[in-house]
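Colleague:
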Amino acid sequence: MHYDPKTIEPKWQRRWEDEKTFRAADKSAKPKYYALEMFPYPSGSGLHVGHLKNYVPMDAFCRYQSMNGYNVLHPMGWDAFGQPAENAAIQTGRNPRDLVPVYAANYRRTLKLAGCSYDWDREINSSDPGYYRWTQWFFLLLHQRGLAYRATAPINWCPSCKTGLANEEVKEGRCWRCDSPVEKRPMPQWFFRITAYADRLLNDLDALDWSEGMKEMQRDWIGRSEGATVKFVIRNSKFEVEVFTTRPDTLFGATFMVLAPEHPLVGAITTAAQRGAVEAYVKKAQGEAEIDRLNAERTKTGVFTGASAVNPVDGREVPVWIADYVMMGYGTGAIMCVPGHDARDFEFARKFGLPIVQVVSRDGSRYELAEAEPGEGIAVNSGQYDGLTTAEFKKKITAWLEAEGIGKRTVNYRIRDWLISRQRYWGAPIPIVHCPKCGEVPVPEHDLPVLLPDVRNYQPSGTGESPLASIPEFVHTQCPDCGGPAKRETDTMGGYACSSWYFFRFIDPANDKAFAGRDKLDHWMPVDFYTGGIEHARSHLLYSRFWTKVLFDAGYVGFQEPFKILKNQGSLLAYTPGRKPFAGEDAGTEGGDEKTLDWILLKPHELGKFPQNQVVWRWARMSKSKGNVVTPEQIAEKYGIDSLRVYEMFMAPFEDDVQWSEEGIHGSHRFVCRAWRWLAAAAAQFDPEWRTHLPAEMPTEVRAVRRKLHQTIRKVGHDIKGFQFNTAIAALMELCNAVHEYNQPREDGQGPAPDRAVVSEIAECMTLLLAPFTPHMADELWSTLGKPGTTYHAQWPAHDESVAAVNEITLVVQVNGKLRDRITVPANTVNKELERIALESNKIKEAIKSSTLVKVLVVKGKLVNIVVSR
RNA sequence: GCCGGGGUGGCGGAACUGGUAGACGCAAGGGACUUAAAAUCCCUCGUUCCCAACGGGACGUGUCGGUUCGAUUCCGACCCCCGGCACCA
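Following the working numbering from start to finish, the first sequence increments by one per residue and tops out at 1984.
Below you can see the structure in the form of structure tokens.
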């Protein structure tokens, strides 16, 4: 029977679809398992083999779980709102409303082609009114709980896209889409108060089964730091400036202060003499692009305000400066400067001739500071506190500050509130009405959804307002409270709002009474296994965790963390042509460190025209925009999807980046063909009653191949559970090789003929072991064996520990830790016997003949190490 | 600079809890089959040295050092690569 993937693959895909094989039942006696991949934005370029590096392994995992008796929920949907869809729509001149279903259909087609086991009855689309109605409901929930507020804040304004960007959409001061430098613009905006949950988001990380790297990234992002806020009185004024410091123990060394240029008190405290210089500096700081300000390399600048404050611990006068190295967005926007023990303050003091005082010493003595010493130590020059360690000093001074009412213990966070407003068309409208009498009024729940109007012009207004602002029918409405004329909020919600709860919707996708029914939530949630790109390490995962905690607090769910296990897939790199920049060509800069790009991508149409000897090839992330994609269709055409699936999982561990090369796929394809050939032949003489026909006594060869089978069953299950698909496939290849050898015709007449019951056992088990990896082939073989249904609902084979057990081991004999002999011995040989056997070996006798025996170490079942001296 | 991950043959990668380094595969070379090619099957395949051969020795997991009977694995210092953060007070 010839292996013909082009026939069997479509055949089984059709059957799975017709029979709804992958439907997850809400009521089942089986334990539930919720497996989820981050839902994608369906782009016009479709899926390539790189995307499958995430979807295929998870699919294999789900099939394994199903075969192990779990009721598996494995859904797929579309993250359809947001800037990429809107930008694509602007480019093609079509409404995203029309574009998204076309793109989604293409994604769905490719995922089905790849044999992925999704329950398509649960497909969701975040731009569907039936979906975003609940996104709006979440907004109201947050609003009602005081977690949504409006504030005027500078937005990240991209002059090229003519739109606002979220903080995480700004990469090193540049727009993540078009790379233009980002400017600041003040706008009234909506925020979610994620900072109120900072501590819980931080503490609950500990219990999660996520990679340490991922958790560290979240911890860094939350950025908790303990310290104190201290009030400094401005001399000859009614003002005081509050600072945050992690080192209140260095207060005696605070010789000046610096405020951020945007600090609200700057205008009030600046003296007439300094006003001109200060205003000029503030203006310059505002006009500067964020990218320049973020550059840590540049030298410190600043201006004296003319004002001075009083150091509360010793009454000394400290001049107040402004400088752009202090950020308004962190802490209080003002710092006390301790040049002796902070590198930035040190540099600033040196440059402007400000005094540097040592207040921390490595050994308790005083010495000249050649540079800032930020470490902990013993206090000096600190009055009565001299001699205290940093930790003791902190405790005492904080207590004193609190007693005097000058300061208090404070925990500060780096994380900022979540800016949700987008001045864009393609998002869920924010369900708020602005009434001249009643103020901000939430749209009543029964009036949801606030429908996104169908408009002709959804291009950015360019004024900073959403395109919705220019649609009178949308804007003008009645106040839900007083019935008077009012205006709708025209901002829409950023895409992260949709993706912060979509995993709940899969559980109950058609529910029009709630975002999901409580009984179903209790049954399915939380997500047991979640995979996705590392790029969502912070935003998406933090926001989802935040919303889940809000739901918990509001009594809607009974758990606090949405994703139990998380793994990040590596990306697929493609060998990509590029060139060196031409002489004098501005290759652009990357990041704030002025690193010059030394490689420019060549688009496919440029490649032909470019001199071949000047083309520089590099590994770059596979993406349509780079023109370096390979599609699953291309590969399936040549080798079949099952071979591609095997290759995607075999080439590297799930979390590693992989350099795509088509050469390696030969090996995977060869393996699939070999397995097919053997299994198809075995199926022809299959004995369904093999269990009762297994002979009681078996020749060595038969026992060996059965041992290999049962070891493989054990290993493959273990590896799939650990998401280690590459080694699972390697084990299957070994089994295939062993079976092949066992089945060789024995010309020399040695060894027994293959046993029919054993061959049947192997055929049945191996078909099932292959099912997660090559489901089409497995199902075809399964029916050839005369089995009903699909492998998806079959039982994963159990291994017999006594069959898998080895009866002989290779004893390794070392002399002084060096390998000197290998001896085959019965597996149950006791240590004393092992030692005797080792010492009797001729090779060992030879190796130790002119030495004195010192001692012998025996590791049970493994090795003997003989220590000798010469 | 800080945080996280990593560095193993020509290549992708494997190695349980400190115990045979290089599983499995790719590529390469040799052979069988074939009119021929493809496919398939068999053999070799870390470096180096000794041997006619059978065999055997030394070295070898980024570098240097340490712990240990024994280190890819543990500890210390350093180098390099990837990802993230970055004047965070």
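For glycine and all other residues, C-beta sits at the position ideal for the given N, C-alpha and C.
Can you list, in chain order, the residues of its chain whose CB lies under 7 Å from that of residue 1708, leaving out five sequence neighbours each side?
Modeller: Translated into positions along the first sequence, residue 1708 becomes position 594. For residue 1708, the predicted model reports a pLDDT of 33, less than 50, meaning its position is unreliable and no value from the coordinates is stated.
Colleague: If you draw a straight line from the C-alpha of residue 1814 to the C-alpha of residue 1855, how long is it?
Modeller: Along the first sequence, one-based indexing puts residue 1814 at 700. Along the first sequence, one-based indexing puts residue 1855 at 741. Computed Cα separation, rounded: 14 Å.
Colleague: Within the continuous beta strand (DSSP E) that includes residue 1632, where are the two ends?
Modeller: For the purposes of this step, residue 1632 is taken as the residue at position 518 of the first sequence. Run containing residue 1632: none in the beta strand (DSSP E); it sits in the alpha helix (DSSP H), 1632-1638.
Colleague: Looking only at its chain, what residues have a beta carbon closer than 8 Å to the beta carbon of residue 1673, apart from the 5 residues adjacent to it on each side?
Modeller: Within the first sequence, numbered from 1, the residue matching residue 1673 stands at position 559. The answer, listed in chain order, is 1639, 1640, 1662 and 1666.
Colleague: Jot down the residue ranges of each uninterrupted alpha helix (DSSP H) in the stretch 1833-1898, minimum 4 residues, whole runs only, in chain order.
Modeller: Entirely contained in the stretch 1833-1898, the alpha helix (DSSP H) runs reaching 4 residues are, in chain order, 1839-1856, 1870-1884 and 1889-1898.
Colleague: Around the Cβ of residue 1115, are there at least 16 other Cβ atoms within 10 angstroms (buried) or fewer (exposed)?
Modeller: For the purposes of this step, residue 1115 is taken as residue 1 along the first sequence, with counting starting at 1. When all chains shown are included, residue 1115 counts as exposed.
Colleague: Our contact map puts residue 1733 next to residue 1163 with C-beta atoms below 8 Å; I'd like the distance itself, whole angstroms only.
Modeller: Taking the first residue of the first sequence as position 1, residue 1733 is located at position 619. Taking the first residue of the first sequence as position 1, residue 1163 is located at position 49. So it is not a contact: roughly 15 Å between Cβ atoms.
Colleague: Exposed or buried, what is residue 1829 when buried is set at 16 or more other beta-carbons lying within 10 Å of its beta-carbon?
Modeller: The count along the first sequence starts at 1 and reaches residue 1829 at position 715. Residue 1829 comes out buried.
Colleague: Taking the C-alpha atoms as reference points, what is the distance between residue 1512 and residue 1506?
Modeller: Residue 1512 sits at position 398 when you count from the first residue of the first sequence. Residue 1506 sits at position 392 when you count from the first residue of the first sequence. Each residue's Cα considered, the two are about 10 Å apart.
Colleague: How would you write the range of the alpha helix (DSSP H) that residue 1199 sits in, first residue to last?
Modeller: One-based indexing of the first sequence puts residue 1199 at position 85. Note, residue 1199: alpha helix (DSSP H), 1197-1206.
Colleague: Ignore the nearest five residues each way along the sequence and tell me which others in residue 1908's own chain have a CB closer than 8 Å to its CB.
Modeller: On the first sequence, residue 1908 is found 794 positions in, with the first residue counted as 1. 1181, 1882, 1885, 1896 and 1901.
Colleague: Evaluate residue 1475 with the Cβ neighbour count: other Cβ atoms within 10 Å of its Cβ, from every protein chain shown; 16 or more gives buried, anything less gives exposed.
Modeller: Taking the first residue of the first sequence as 1, we reach residue 1475 at position 361. Residue 1475 should be labelled buried.
Colleague: Where residue 1220 and residue 1683 are concerned, what is the direct C-alpha to C-alpha distance, given to the nearest angstrom?
Modeller: Looking up residue 1220 in the first sequence gives position 106. Looking up residue 1683 in the first sequence gives position 569. Approximately 23 Å, taken between the alpha carbons.
Colleague: Within the present structure, is the beta-carbon of residue 1954 separated from the nearest heavy atom of the ligand NAP by less than 7 Å?
Modeller: Looking for the ligand NAP in the displayed structure turns up nothing, as the structure carries no ligands at all.
Colleague: Under 8 Å, do residue 1392 and residue 1373 count as touching if we go by C-beta distance?
Modeller: Position 278 of the first sequence, counting from 1, holds the residue named residue 1392. Position 259 of the first sequence, counting from 1, holds the residue named residue 1373. Not a contact, by the Cβ cut-off of 8 Å.
Colleague: Check the C-beta distance from residue 1384 over to residue 1421 and give it rounded, since I have them as a contact under 8 Å.
Modeller: Here the question's residue 1384 lines up with position 270 in the first sequence. Here the question's residue 1421 lines up with position 307 in the first sequence. Rounded, the Cβ-Cβ distance is 7 Å, consistent with contact.
Colleague: What residue does the beta strand (DSSP E) around residue 1303 start on, and which one ends it?
Modeller: Position 189 of the first sequence holds residue 1303. Where residue 1303 is concerned, the enclosing beta strand (DSSP E) stretches over 1297-1306.
Colleague: Determine the direct distance from the alpha carbon of residue 1720 to that of residue 1692, and round the result to whole angstroms.
Modeller: Working through the first sequence from its first residue, we reach residue 1692 at position 578. Working through the first sequence from its first residue, we reach residue 1720 at position 606. Roughly 10 Å separates the two Cα atoms.
Colleague: Quick check on DSSP: helix, strand or coil for residue 1979?
Modeller: Counted from its first residue, the first sequence places residue 1979 at position 865. Three-state DSSP puts residue 1979 in a strand.
Colleague: Output needed for residue 1423: all residues of its chain with C-beta closer than 7 Å, excluding positions within five of it in sequence on either side, in chain order.
Modeller: The residue you call residue 1423 lines up with position 309 of the first sequence. Around residue 1423: 1346, 1347, 1348, 1349, 1355, 1371, 1432 and 1434.
Colleague: In terms of residues, what are the limits of the alpha helix (DSSP H) holding residue 1763?
Modeller: To locate residue 1763, count along the first sequence from 1; it is residue 649. Counting along the chain, the alpha helix (DSSP H) containing residue 1763 begins and ends at 1755-1764.
Colleague: Excluding five sequence neighbours on each side, which residues of the same chain lie with their C-beta closer than 7 Å to the C-beta of residue 1955?
Modeller: As a working mapping, residue 1955 is identified with position 841 in the first sequence. Result list for residue 1955: 1927, 1935 and 1937, in chain order.
Colleague: Just how far apart, CA to CA, sit residue 1650 and residue 1244?
Modeller: Here residue 1650 refers to the residue found at position 536 when the first sequence is read from its first residue. Here residue 1244 refers to the residue found at position 130 when the first sequence is read from its first residue. Cα to Cα, residue 1650 sits roughly 26 Å from residue 1244.
Colleague: Determine the burial state of residue 1626: buried for a count of at least 16 other Cβ atoms within 10 Å of its Cβ, exposed for fewer.
Modeller: For this step, residue 1626 is matched to residue 512 along the first sequence. By the neighbour-count rule (16 or more Cβ atoms within 10 Å), residue 1626 is not buried but exposed.
Colleague: Please give me, in chain order, every unbroken run of the alpha helix (DSSP H) with length at least 4 that falls completely inside the stretch 1894-1940.
Modeller: Counting whole runs of 4 or more residues, the stretch 1894-1940 contains the alpha helix (DSSP H) stretches 1915-1918.
Colleague: Counting only the same chain and skipping the five closest in sequence on each side, list residues whose C-beta sits under 8 Å from that of residue 2019.
Modeller: The question about residue 2019 has no answer here: the residues shown for the chain are numbered 1115 through 1984.
Colleague: Less than 7 Å between C-beta atoms, sequence neighbours within five positions excluded: which residues of the same chain meet that for residue 1786?
Modeller: Numbered from its first residue, the first sequence carries residue 1786 at position 672. Excluding residues within five positions, the ones whose Cβ falls inside 7 Å are 1756, 1757, 1760, 1888 and 1891.
Colleague: How close, in whole Å, do the beta carbons of residue 1808 and residue 1744 come, if the pair is a contact with beta carbons under 8 Å?
Modeller: Counted from its first residue, the first sequence places residue 1808 at position 694. Counted from its first residue, the first sequence places residue 1744 at position 630. Actually they do not touch by this definition, with Cβ atoms about 46 Å apart.
Colleague: For residue 1532, does the count of other Cβ atoms within 10 angstroms reach 16, so buried, or fall short, so exposed?
Modeller: On the first sequence, residue 1532 is found 418 positions in, with the first residue counted as 1. Buried: at least 16 other Cβ atoms inside 10 Å.
Colleague: Three or more C-beta pairs closer than 8 Å, one from the stretch 1221-1232 and one from the stretch 1598-1612: is that the case here?
Modeller: Judged by Cβ distances under 8 Å, the stretch 1221-1232 makes no contact with the stretch 1598-1612, as fewer than three pairs qualify.
Colleague: Would residue 1460 and residue 1470 be called neighbours here (beta carbons separated by less than 8 Å)?
Modeller: Here residue 1460 refers to the residue found at position 346 of the first sequence. Here residue 1470 refers to the residue found at position 356 of the first sequence. Yes, they are a contact pair.
Colleague: Across which residues does DSSP place residue 1223 in a beta bridge pair?
Modeller: For the purposes of this step, residue 1223 is taken as residue 109 along the first sequence, with counting starting at 1. According to DSSP, residue 1223 bridges with nothing at all.
Colleague: Grouping DSSP H, G and I as helix and E and B as strand, with all else coil, what is residue 1662?
Modeller: Numbered from 1 along the first sequence, position 548 holds the residue referred to as residue 1662. In this structure, residue 1662 counts as helix in the three-state DSSP scheme.
Colleague: According to DSSP, what are the bridge partners of residue 1341?
Modeller: Looking up residue 1341 in the first sequence gives position 227. According to DSSP, which records beta bridges pairwise, residue 1341 is partnered with 1524.
Colleague: Are at least three pairs of beta-carbons, each pair with one atom in the stretch 1452-1459 and one in the stretch 1479-1491, less than 8 Å apart?
Modeller: Touching, yes.
Colleague: What does the Cβ neighbour count give for residue 1689, buried or exposed, with the cut at 16 atoms within 10 Å?
Modeller: Working through the first sequence from its first residue, we reach residue 1689 at position 575. Classification for residue 1689: exposed.
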